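Let me begin by presenting the structure, written as structure tokens, before commenting on it.
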Amino acid sequence: MSLVTTINHSSCEEIAMFLDKNATAFNPPFNTSVDIGSYAAKLFEHAVRFEVRNSDGLVALLSSYINSEKGVAYIPYICVQQGFEGYHIGQKLFEQFYQYCRLNDVVRVELEVRVSNHRAIEFYEKQGFAMQGSNSEKIQLVKIL
Numbered sequence: 783m784s785l786v787t788t789i790n791h792s793s794c795e796e797i798a799m800f801l802d803k804n805a806t807a808f809n810p811p812f813n814t815s816v817d818i819g820s821y822a823a824k825l826f827e828h829a830v831r832f833e834v835r836n837s838d839g840l841v842a843l844l845s846s847y848i849n850s851e852k853g854v855a856y857i858p859y860i861c862v863q864q865g866f867e868g869y870h871i872g873q874k875l876f877e878q879f880y881q882y883c884r885l886n887d888v889v890r891v892e893l894e895v896r897v898s899n900h901r902a903i904e905f906y907e908k909q910g911f912a913m914q915g916s917n918s919e920k921i922q923l924v925k926i927l
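In terms of my numbering, the sequence shown has 905 at position 123, counting the first letter as 1, and numbering is strictly consecutive.
Here's what the structure looks like:
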């Protein structure tokens, strides 16, 4: 399997197709709470996107908003396409993301995850994230680089 890692390579249409194709990886499905086209446009225009692709297109996406002045990055979306789990793709995306953060004076990374998403919480904890706060639906996690 030949995989290529890129930054901000995908078109808005590719992002929308990936979001839609992987909507059911989230609970509730991503497309029930977000307009896919609008969200893809927002990511395309404003986010720094770390992408893994094969010859068929995107297979993983980590999007982030970087505020170098405050030294903070926020991750609103990360997904590895079903069938590509177990290849450490998420780990590789985070390694590339951390390298980018260090080069751009980011010292703190924040994200949110649903309380019910135990698999993601475990993955983020392995990445060194710690709980900063929570409510009945989401947990706020933070990692200091």
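We put the CB at the ideal spot given by N, CA and C, even for glycine. Note that the structure is a prediction, hence the values are computed from the model and not measured.
Short of 7 Å in beta carbon distance, which residues of its chain neighbour residue i, apart from the five on each side in sequence? Order them along the chain.
i    : result
G853 : D887, V888, V889 and R890
N790 : V830 and R831
S898 : N809
A902 : V895
Report yes if the C-beta distance between residue i and residue j is below 8 Å; otherwise report no.
i    : j    : result
E919 : R884 : no
T787 : V862 : no
A807 : Q864 : yes
A805 : G819 : no
V924 : Q909 : no
Since residue i and residue j should fall inside the 8 Å C-beta cutoff, what is the C-beta to C-beta distance between them, to a whole number of angstroms?
i    : j    : result
V830 : I848 : 5 Å
Q878 : F832 : 5 Å
E894 : I921 : 7 Å
For residue i, which residues from the same chain have a beta carbon less than 8 Å from its beta carbon, with the 5 sequence-adjacent residues on both sides left out?
i    : result
L927 : Y880, C883, R884, V888, V889, R890 and V891
I871 : L785, V834, V841, A842 and V862
Starting from the N-terminal side, write out each stretch of the beta strand (DSSP E) that is 3 residues or longer and does not extend beyond the segment 881-922. 890-896 and 912-916
So, does the segment 811-823 touch the segment 831-842, judging by three or more C-beta pairs under 8 Å? no
What runs of the alpha helix (DSSP H), each 4 residues or longer, lie entirely inside the segment 800-873? Entirely contained in the segment 800-873, the alpha helix (DSSP H) runs reaching 4 residues are, in chain order, 818-828.
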